[in-house]
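Trainee: Position one of the sequence shown corresponds to residue 1 (the UniProt record's numbering), numbered consecutively onward. C-beta: ideal position from N, C-alpha, C; glycine also. On a predicted model such as this, the values are computed, not experimentally measured, just so you know. First, the structure itself, so that you have it in front of you.
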Amino acid sequence: MPLAVCNYGESQINFLIPRAPGVAWTESSGNTPAPKRRHVKCDEAKPSCQRCMKWQGFCEGYDTPNGSKASTPGPDDNSDNATSENRTSTSLPTKKSTANGAKSYIRFSDPNPSVEVTNNLFGNPTERQYFDHWLAYRYRLGGGFFDEQLWNETIPQMSHQHASVRYAAMAIGGIAKALRQSLKPMSPAQMGANGPHYAFALSYYGRAIREIRKVKLDTSSLRAAIICCLLFVCFEVLHGDRKAAFSHINNGQKMMDELLRRCEEENRRNQNIIGAESVETDALHVFQRLIQQSWSCGVLRRRDQDASEQPNNSQKNSYSEQPWCCRGGSGRKCAYHKMPSSFVTLQEARRWWDVTQHYVTHSSNIVFRVTHLGLGDDLLSECNERIQMHMDEIEMARAGVKPATAERWQDFKDALERWHDGFEHLWITARENRDEDEKSYAQAAHLRAHYLTMYGCVHSPLSCSYESIAFLTPKYREIVKLCGSLLEYQKRSFEAAEIFTMDMGPTWPLFLAGTRCREAEVRNEAIRLLYENPRRDGLWDSRIFYALTSRNRMLEVSNAQEGTSEDQWWRLQHRSAYVDEQGRLIAKAMDKNPLTGSWDFGEDNLRRFLFD
């Protein structure tokens with residue numbers, strides 16, 4: 001019987017998955033001990049201990065916020081209720097069009113009768129208010145470019161059947177209110193000072209974990225646990241705990257591995273549930289985007305096998321052990337080798353872009369020198385080995401030995417071009433009809449910006465020559481222009497000062513343009529856009545990218561004072577950054593020592609840029 005162990009903060013959940021049909025999950029037994037409740041030292045943060053509330057769901061030392069229904073203040077009993085948008089209303093938003101139907105933006109107060117929320121789902125009005133706040137908030141999570149069924153419909157519907165999903169959503173509603181519509185880094189004390197919201201959020205977070213533990217675990221509950229992983233990632237990104245967010249992404253991948261194995265068995269026995277495949281496919285694509293973001297931060301699970309290979313009889317068993325993200329979900333319908341030659345809609349193009357981008361990221365050796373300390377070797381070794389390989393090739397090229405890399409990268413260049421060939425006619429149409437259909441143009445521009453970004457990663461990887469990176473200047477110029485228009489579109493759509501999504505937003509393309517482009521004007525424009533548009537797109541934080549690009553701007557000035565273009569690029573290739581275990585952002589680079597005149601490695605704490 002397979003065992004999936006998922007660690008949630010200071011706690012551990014064991015998922016025992018029987019392979020036989022009709023056998024429900026059970027508590028661990030035999031040689032596998034049941035998870036023990038761990039003692040966590042109370043932080044004595046009155047009135048509620050954060051550690052006890054978050055990891056155990058309650059605090060034995062102090063009263064929990066929802067201990068008394070009669071005397072508990074509601075989430076709107078605070079000064080920020082003036083900006084709320086019908087948070088206690090049952091009506092849900094839909095798309096809104098102008099009179100002529102030309103342009104449509106997302107609004108959060110329009111009725112949507114397809115998802116109904118009833119009071120009997122909640123223990124008290126406070127829970128209902130936080131859940132309603134998440135309902136209004138969730139439309140931003142999908143990014144606003146494409147219709148996201150998982151966030152918009154599936155999760156609200158699953159909250160009817162699974163209390164764990166409901167409480168995880170409430171936790172997001174609570175922490176979103178605790179942040180007071182700001183995405184600046186906040187300490188727990190600062191969030192706690194903004195009213196009862198933070199304490200409620202931690203309590204609901206812990207309750208969601210307890211609900212996952214206590215249910216009779218079957219395939220349906222495993223789906224709910226996976227959805228909770230996505231919601232927990234969302235919570236921790238808002239909370240500012242990136243280490244916990246990486247842990248949830250890793251846990252979700254483990255559970256997706258097991259879920260798809262079970263689904264394949266159920267499909268063979270014709271026992272699949274109607275509609276379940278749609279949930280799995282939607283979750284797969286969201287996880288693929290999160291994996292892409294995780295990779296950009298230097299965190300990636302080790303690859304076991306080339307995902308591009310199609311299975312034959314001799315490979316069947318080993319192929320089935322490929323990670324779920326490379327197999328293309330249930331029935332392998334979203335595997336890279338099944339991509340059509342042309343896409344009918346932009347939504348279809350986006351789905352296949354998720355697949356193509358994941359294939360290139362997971363199967364090639366592209367990497368960037370950004371990482372996080374304090375994570376396990378299983379999450380860091382893949383990217384660390386890629387970095388070492390590129391640095392070895394850089395030194396070989398410096399010594400006059402040119403590595404044979406053309407063949408190694410050609411397959412991934414072909415993969416990108418195959419996707420682009422299917423997408424190009426949609427891009428041409430979207431540009432021609434931009435004035436009449438701005439949303440379709442935004443969707444197409446979003447895809448093209450990310451395609452051009454990945455194009456640059458493959459055609460000019462970390463160990464590339466100056467000539468190859470300089471050749472990409474027109475591409476980076478277009479990326480910055482596209483991202484500028486996308487940011488303006490989202491501003492009008494969301495009507496918020498700071499935007500938070502769980503999508504692949506414009507921040508990553510701008511970061512790469514702001515550090516890799518060899519034209520200062522393009523870099524400066526990317527930095528300006530990052531500064532003027534504070535936002536978070538999942539793990540991508542515009543403030544972190546602004547700090548890194550601003551520090552790089554200073555480095556570029558000193559670096560340009562000496563040596564040829566190749567010499568200057570060689571020094572820049574040694575740039576790196578990391579987030580240490582205390583959450584500090586540190587940049588490393590070769591800079592000229594004014595005392596000795598030599599180029600030495602140095603470190604710089606970028607805190608001053610984060611709060612600029």
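Which first and last residues belong to the alpha helix (DSSP H) in which T371 is found?
Mentor: Position 371 of the sequence shown, counting from 1, holds the residue named residue 371. Unbroken run through T371 is the beta strand (DSSP E), 370–372; no alpha helix (DSSP H).
Trainee: So the beta strand (DSSP E) W599 belongs to, where does it begin and stop?
Mentor: For the purposes of this step, residue 599 is taken as the residue at position 599 of the sequence shown. Taken as a continuous stretch (DSSP letters only), the beta strand (DSSP E) holding W599 covers 599–605.
Trainee: At which residue ranges does the segment 185–269 contain complete alpha helix (DSSP H) runs of 4 or more residues, listed in the order of the chain?
Mentor: 188–192, 197–214, 219–239, 242–268
Trainee: First and last residue of the alpha helix (DSSP H) that includes I366?
Mentor: Walking along the sequence shown from the start, residue 366 turns up at place 366. For I366, there is no enclosing alpha helix (DSSP H), as DSSP gives it neither H nor E.
Trainee: For P594, count neighbouring Cβ atoms within 10 angstroms of its own Cβ and tell me buried if that reaches 16, exposed if not.
Mentor: Reading the sequence shown from its first residue, position 594 is the one you call residue 594. It is exposed - the Cβ of P594 has fewer than 16 other Cβ atoms within 10 Å.
Trainee: Would you report the Cα separation of R261 and V557, rounded to the nearest angstrom?
Mentor: As a first step, residue 261 must be located in the sequence shown, where it is residue number 261. As a first step, residue 557 must be located in the sequence shown, where it is residue number 557. Distance between the alpha carbons of R261 and V557 is about 54 Å.
Trainee: Hey, could you find the ends of the beta strand (DSSP E) F500 is sitting in?
Mentor: Position 500 of the sequence shown, counted from the first residue, corresponds to residue 500. 499–501 is the span of the beta strand (DSSP E), which, as asked, contains F500.
Trainee: Leaving out five residues on either side along the sequence, give the residues of the same chain with a beta carbon under 8 Å from the beta carbon of Q357.
Mentor: The residue labelled residue 357 in the question sits at position 357 within the sequence shown. Same-chain partners within the cutoff: Q288, Q292, H450, M454.
Trainee: From the DSSP output, in three-state form, read off M554 for me.
Mentor: Locating residue 554 in the sequence shown gives position 554, counting from the first residue. Helix.
Trainee: Would K439 be called buried (16 or more neighbouring beta carbons within 10 Å of its own) or exposed?
Mentor: Position 439 of the sequence shown, counting from 1, holds the residue named residue 439. It is buried - the Cβ of K439 has at least 16 other Cβ atoms within 10 Å.
Trainee: Taking three-plus beta-carbon pairs below 8 Å as touching, is the segment 208–215 in contact with the segment 156–167?
Mentor: Between the segment 208–215 and the segment 156–167, the count of Cβ pairs shorter than 8 Å is three or higher; the stretches touch.
Trainee: For the beta strand (DSSP E) containing residue 614, name the first residue and the last one.
Mentor: What the structure shows of the chain is the stretch from 1 to 612, and residue 614 is not part of that stretch, so it cannot be assessed.
Trainee: Helix, strand or coil: which one does DSSP assign to V522?
Mentor: Within the sequence shown, the letter at position 522 stands for residue 522. The answer is helix: DSSP assigns V522 an H, G or I state.
Trainee: Relative to the alpha-carbon of P188, which residue among H239, H162, S221, Q181 has its alpha-carbon at the smallest distance?
Mentor: Within the sequence shown, the letter at position 188 stands for residue 188. Looking at the Cα atoms, H239 is the closest of the given residues.
Trainee: Got a sec, what are the start and stop residues for the beta strand (DSSP E) S576 sits in?
Mentor: Looking up residue 576 in the sequence shown gives position 576. Unbroken beta strand (DSSP E) run through S576: 576–579.
Trainee: Should Y139 and I175 be called a contact, given that it needs their Cβ atoms to be closer than 8 Å?
Mentor: Position 139 of the sequence shown, counted from the first residue, corresponds to residue 139. Position 175 of the sequence shown, counted from the first residue, corresponds to residue 175. No, the pair does not count as a contact, with Cβ atoms beyond the cut-off.
Trainee: Candidates G195, R607, P196: which alpha carbon is nearest A577's?
Mentor: On the sequence shown, position 577 is the one that residue 577 refers to. Residue R607 is the option with its Cα nearest to A577.
Trainee: Do L510 and C483 have their C-beta atoms within less than 8 Å of each other?
Mentor: To locate residue 510, count along the sequence shown from 1; it is residue 510. To locate residue 483, count along the sequence shown from 1; it is residue 483. By the CB criterion at 8 Å, L510 and C483 fall inside the cutoff.
Trainee: Got a sec? Which residues, its chain only, sit under 7 Å from H232 by beta carbon, not counting five neighbours each side?
Mentor: Taking the first residue of the sequence shown as position 1, residue 232 is located at position 232. The amino acid at residue 232 is misidentified as His; the sequence shows Phe. Answer for F232: A168, H248, listed in chain order.
Trainee: Starting from D392, trace the alpha helix (DSSP H) in both directions and tell me its first and last residue.
Mentor: In the sequence shown, counting from the first residue as 1, residue 392 sits at position 392. Per DSSP, D392 belongs to the alpha helix (DSSP H) from 377–398.
Trainee: Kindly indicate the opening and closing residues of the alpha helix (DSSP H) around D567.
Mentor: Locating residue 567 in the sequence shown gives position 567, counting from the first residue. From DSSP, the alpha helix (DSSP H) with D567 extends over 565–572.
Trainee: Would you please verify whether the beta carbon of C263 is less than 8 Å from any beta carbon of chain D?
Mentor: Here there is only one protein chain, and chain D is not present.
Trainee: Given this structure, state the Cα-to-Cα distance separating F500 from G195, to the nearest angstrom.
Mentor: In the sequence shown, the residue the question calls residue 500 occupies position 500. In the sequence shown, the residue the question calls residue 195 occupies position 195. Spanning the two alpha carbons is a distance of roughly 21 Å.
Trainee: Indicate whether N365 and M396 have their beta-carbon atoms separated by less than 8 Å.
Mentor: Start at 1 with the first residue of the sequence shown, and residue 365 comes out as number 365. Start at 1 with the first residue of the sequence shown, and residue 396 comes out as number 396. No, the Cβ-Cβ distance between N365 and M396 is not below 8 Å.
Trainee: Could you work out which residue in D541, L472, L555, E478 is closest to R242 when comparing CA atoms only?
Mentor: Numbered from its first residue, the sequence shown carries residue 242 at position 242. With distances taken between Cα atoms, R242 lies closest to D541.
Trainee: DSSP state of D437, grouped into three classes?
Mentor: In the sequence shown, the residue the question calls residue 437 occupies position 437. Secondary structure at D437: coil, using DSSP grouped into helix, strand and coil.
Trainee: What first and last residue would you give for the alpha helix (DSSP H) that runs through H477?
Mentor: Locating residue 477 in the sequence shown gives position 477, counting from the first residue. First, the residue type needs correcting, since residue 477 is Arg and not His in the sequence shown. Where R477 is concerned, the enclosing alpha helix (DSSP H) stretches over 473–494.
Trainee: In whole angstroms, what separates the C-alpha of Q149 from that of R571?
Mentor: In the sequence shown, counting from the first residue as 1, residue 149 sits at position 149. In the sequence shown, counting from the first residue as 1, residue 571 sits at position 571. Near 46 Å, if we compare the C-alpha coordinates of R571 and Q149.
Trainee: With a 10 Å radius around its C-beta and 16 neighbouring C-beta atoms as the bar for buried, classify K214 as buried or exposed.
Mentor: The residue you call residue 214 lines up with position 214 of the sequence shown. When all chains shown are included, K214 counts as exposed.
Trainee: For R516, which three-state DSSP category applies?
Mentor: Reading the sequence shown from its first residue, position 516 is the one you call residue 516. Helix at R516.
Trainee: Alpha carbon to alpha carbon, what distance is there between L202 and M191?
Mentor: Here the question's residue 191 lines up with position 191 in the sequence shown. Here the question's residue 202 lines up with position 202 in the sequence shown. Approximately 11 Å between the Cα atoms of the pair.
Trainee: For D541, which three-state DSSP category applies?
Mentor: As a first step, residue 541 is located in the sequence shown; it is residue number 541 there, counting from the start. The answer is strand: DSSP assigns D541 an E or B state.
Trainee: Hey, could you find the ends of the alpha helix (DSSP H) Y336 is sitting in?
Mentor: If you number the sequence shown from 1, residue 336 lands on position 336. Element bounds for Y336: n/a, residue is neither H nor E.
Trainee: Under a three-way DSSP split, which group does R128 fall into?
Mentor: To locate residue 128, count along the sequence shown from 1; it is residue 128. Of the three classes helix, strand and coil, the one that applies to R128 here is helix, per DSSP.
Trainee: Would you kindly check if the distance between the Cβ of C229 and the Cβ of N251 is under 8 Å?
Mentor: Within the sequence shown, residue 251 is the residue found at index 251, counting from 1. Within the sequence shown, residue 229 is the residue found at index 229, counting from 1. Against a cut-off of 8 Å, the Cβ pair of C229 and N251 comes out as a contact.
Trainee: If you count every other CB in all the chains shown that lies within 10 Å of the CB of G374, and 16 or more means buried, which is it?
Mentor: Translated into the one-based positions of the sequence shown, residue 374 becomes position 374. With fewer than 16 other Cβ atoms within 10 Å, it is exposed.
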